[in-house]
Every structure is written in C-alpha cells, then in structure tokens.
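Novice: First, the structure itself, so that you have it in front of you.
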Amino acid sequence: MITHKNISLFFLFLLLLLVLVNFYTAISWVWFIAIVLIWLGINAFGSARISSNYHVKAFCNNPSETEKKIAITFDDGPSIFTLEVLELLKKHDVKATFFCIGKNIEAHPEILKQIIADGHLVGNHSYSHSPFFDFYNAATIKEEIEKTDLLLEKYTSRKINFFRPPYGVTTPSIRRALEKTGHNVIGWNIRSLDGGTKNQELIFNRIIKRVSPGGIVLLHDTASHSVLVLEQFLQFLQQNNYKVISTEELLNLKAYEIEHS
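Written out as structure tokens, the structure reads:
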C-alpha cells in the first residue's frame, strides 16, 4: 500500500542519493526541485482522495460483496431538508447513515432526534466543517471531533465510532487526531457531487453509472435538488433489485460502542 510514510521515505532517500552523487559530479538544481514538486503532487493527490488510504485507512466500500447490496450516506446535516429525506427513506423502508456537523446539531437538535428515532445511524463529520479544517493541527481536530461526539452521544447514549473528514480530505494531523479518538473513517466510492451542482439529471446519471454491489453512496441532506435526486435514485434501486443496507452491515463495523449512563 502506498502511504504518506513510505512515499516520504522514498523521496528522502532520492534526495540524499542526489546529495551524495553531487559530491562526485555536479548535478543541476532542477533535479532537486523536480523531486520536491513530484513529492508535493503525490501528497496532494493522496490527501484529496479518501480511498487512497494515504494518511488513514478509510472504509469506502465492500469489494467482497457480490449481492446487489449498497449503503447510502448523507453529509452536512442536520438541516430542514433532512426531514424530507427522512420521509423518502421511510416511504421506501430504507435505513441510511447521516454524518452530522456539530454546529448543525446545535441548530437542529429535534431533527437529529428524528433521525435516530427513525432507526438511522449517525456519524461524526466535525464540528465546524471549516474550509480550513485540513490545515488545523491535531489538537484542534481532536477537539472538534470530541465536541461533535458529545453532541451526538447526548441523543444516541452510545459512543460514536464513525468519522468522515470534511470534503473527504485526510492529512497527517487528522491521522494523529484519530489515533487518539479511535474512530473508523468511513468514505465512499459513489460520489454524487450534489454539493457542487444543482443539475439533477447530471447527479442522477453520475450515481447510477457507478452503482455496483458493495458500494457506498455519498449524498447531502442540505438542499432540495438532493431530495429530488434521492427519490429518483430510490426508485432506480427498487426497479433494479438493489437492497440498501446499513454501513454497519455492509462493512461489518459497529457505528457505536458502549451504552452511556
């Protein structure tokens, strides 16, 4: 597996080798710059692609699943649109996992209670979902995760095990924070991009082209167009004999741990 640690060691070895060779024959500084730029490029790609497992191990699907079973997840809620999502899920008898933002839990505690009452799973999606989250140090990231855990555990009465990093970006700081909190990172392999476009046809077609056994779908419960796409998607799954199961069942991982008094 290509990880941040072994890639960094490899490029450090290359740089040391160039320095050693430079003692015997002059080497253009361009080679040094090229190696650094390549290293930075690989780091950027590995950090931005959650399925790469570059910084942390992320569970993005179940490749061993052969039956038509998938899991559906929602990011960034709870919001007023979550209620419409819940109605559709109930109509189709589907259970999903909601990765919640701490500040949104504070704004909509009753909606979070409804998510749990309807039998859905909840996970941690940071407290702020700040665009600068990737630049936070490990202590700040740990603080955000723990703050959101407390908000979730107030309603679940159980310890939260699932974490999804904002934007799906991972960093060494996030890895160090997770080493302390012990969360499992849950990714996806079917990204709808409904957070970046309102074009329902584009979103729907993108999802159905990628649907396959063992997949995890990423949607958002924060906009009306996502609700409309969800309705189409649930009908598509029914017509094509797909069964939606929980992320717990699909990945054989527990979303929660012990009961809190």
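Those letters in the sequence shown? Residues 46 to 306, by the numbering used here.
Glycine residues also receive a C-beta, built at the ideal position from the N, C-alpha and C atoms.
1) Return the chain-ordered ranges of every alpha helix (DSSP H) run that is complete within the segment 97-150 and spans a minimum of 4 residues.
2) Phe249: buried (16+ other C-beta within 10 angstroms of its C-beta) or exposed?
3) Are there 16 or more other CB atoms within 10 angstroms of the CB of Gly168, so buried, or fewer, so exposed?
4) Quick one: measure Cβ to Cβ for Leu131 and Leu275, integer angstroms, because I've assumed they're closer than 8 Å.
5) Going along the chain, which residues of its own chain have a beta-carbon closer than 8 Å to the beta-carbon of Leu95, five neighbours each way excluded?
6) If Ser257 and His265 are in contact, beta carbons under 8 Å, what's the gap, nearest whole angstrom?
7) Exposed or buried, what is Glu189 when buried is set at 16 or more other beta-carbons lying within 10 Å of its beta-carbon?
8) Pick from Pro123, Leu85, Lys135, Arg220: whose alpha carbon is nearest that of Asp179?
9) Tell me where the alpha helix (DSSP H) around His270 begins and ends.
10) Would DSSP call Arg236 helix, strand or coil?
11) Select from Ser269, Val289, Leu263 the residue whose C-alpha is nearest the C-alpha of Asn244.
12) Can the beta-carbon of Thr242 be found closer than 8 Å to that of Gly122?
13) Identify whether Ile261 lies in helix, strand or coil by the three-state DSSP scheme.
Specialist: Walking through what the data contain:
1) 127-136
2) Here residue 249 corresponds to residue number 204 of the sequence shown, with the count starting at 1. Buried is the call here.
3) The residue you call residue 168 lines up with position 123 of the sequence shown. Burial state of Gly168 is buried, judged by a 10 Å Cβ sphere holding 16 or more other Cβ atoms.
4) Indexing the sequence shown from 1 puts residue 131 at position 86. Indexing the sequence shown from 1 puts residue 275 at position 230. Actually they do not touch by this definition, with Cβ atoms about 11 Å apart.
5) Mapped onto the sequence shown, residue 95 falls at position 50. Looking at the sequence itself, residue 95 is Ile, so the reference to Leu does not match. Here the set comprises Ala103, Cys105, Pro210, Gly213, Val214, Thr215, Val230, Gly232, Trp233.
6) Position 212 of the sequence shown, counting from 1, holds the residue named residue 257. Position 220 of the sequence shown, counting from 1, holds the residue named residue 265. With 8 Å as the limit, Ser257 and His265 do not qualify as a contact, their Cβ atoms being about 21 Å apart.
7) Counted from its first residue, the sequence shown places residue 189 at position 144. Result: buried.
8) As a working note, residue 179 is residue 134 in the sequence shown. When each option's Cα is compared against that of Asp179, the closest is Arg220.
9) Mapped onto the sequence shown, residue 270 falls at position 225. Taken as a continuous stretch (DSSP letters only), the alpha helix (DSSP H) holding His270 covers 269-284.
10) As a first step, residue 236 must be located in the sequence shown, where it is residue number 191. Residue state, collapsed to three classes: strand.
11) Along the sequence shown, read from residue 1 onward, the residue named residue 244 stands at position 199. The shortest Cα separation from Asn244 among Ser269, Val289, Leu263 belongs to Ser269.
12) The count along the sequence shown starts at 1 and reaches residue 242 at position 197. The count along the sequence shown starts at 1 and reaches residue 122 at position 77. Against a cut-off of 8 Å, the Cβ pair of Gly122 and Thr242 comes out as no contact.
13) By 1-based counting over the sequence shown, the position of residue 261 is 216. Ile261: strand per DSSP, three-state reduction.
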